[in-house]
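A.B. asks: The working numbering numbers the first residue of the sequence shown as 6 and each following residue consecutively.
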Amino acid sequence: ALEKISKFLRTNILPGSAAEIGLLCCAAVHSNPEAAAVYVIDPILTSIVSSLQGTPVS
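(1) Out of Tyr44, Leu57, Glu39 and Gln58, which has the shortest C-alpha to C-alpha gap to Arg15?
(2) Are the beta-carbon atoms belonging to Ala23 and Ala33 less than 8 Å from one another?
(3) Helix, strand or coil: how does DSSP classify Thr60 here?
(4) Would you kindly work out how many angstroms separate the C-alpha atoms of Glu8 and His35, rounded to a whole number?
(5) Output needed for Ile49: all residues of its chain with C-beta closer than 6 Å, excluding positions within five of it in sequence on either side, in chain order.
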């Protein structure tokens, strides 16, 4: 199930759904922290770092 959640989070853009996505991530981490670190947290952090690369630092 965590793999499906991860795929959903990586492939969908849902404006205005930050709270719901946050709850989904929290539930995933609460249910299985080790697997969530691999399938949910790591891909999210990798995406954030990738998006921020090349952004000017103030």
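Ideal Cβ positions, reconstructed from N, Cα and C, are used throughout, including at glycine.
C.D. replies: Working from what's here:
(1) Tyr44
(2) no
(3) coil
(4) 15 Å
(5) none
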